[in-house]
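Everything on this sheet refers to the single structure shown next.
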Amino acid sequence: RFYTFRENDITRKRKVWAMYVADWLMVVTYQGESVEEWEHWYAMANQSFFHFVIPPELFYATDRDLTKKGTPVARVPRGKPKN
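My numbering applies: residue 224 is where the sequence shown begins, and numbers increase by one.
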């Protein structure tokens with residue numbers, strides 16, 4: 224979604240991308256200081272949105288019920304094969 228709005232007599236523009244990862248809603252936002260600044264940096268921001276990846280390790284990283292904080296968990300370093 225794209226929004227154009229006024230804040231303290233300044234017109235700003237914002238892009239918001241909302242996505243669900245498992246049970247979590249994650250929101251990525253890009254906002255320009257002005258509409259002109261937004262247009263100037265839009266290509267770079269769009270590239271960032273396009274390549275935005277949430278590592279699978281983070282899908283449940285903040286869910287206390289699933290991570291069972293305090294319980295040791297064997298971790299496999301990224302890029303290493305699992306046995």
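Backbone N, C-alpha and C define an ideal beta-carbon position, used for all residues, glycine too.
query, result
"VAL276 versus TYR226, MET242, GLU256, ASP232, residue with shortest Cα-Cα distance", "MET242"
"Reduced DSSP secondary structure (H/G/I, E/B, other) of VAL258", "helix"
"Cβ distance (whole Å) where SER257 is taken to contact THR227 below 8 angstroms", "Contact flag wrong, Cβ pair sits at about 11 angstroms."
"Anticipated Cβ contact below 8 angstroms, VAL239 with ARG229, distance rounded", "The Cβ separation is near 17 angstroms, so there is no contact."
"Coil, strand or helix - PHE273 by DSSP", "helix"
"Residues sharing a beta bridge with LEU248, DSSP", "TYR243"
"Classification of GLY302 by the beta-carbon crowding that lies within 10 angstroms, buried from 16 upward", "exposed"
"ARG224 - containing beta strand (DSSP E), residue span", "Where ARG224 is concerned, there is no enclosing beta strand (DSSP E), given that its DSSP letter is neither H nor E."
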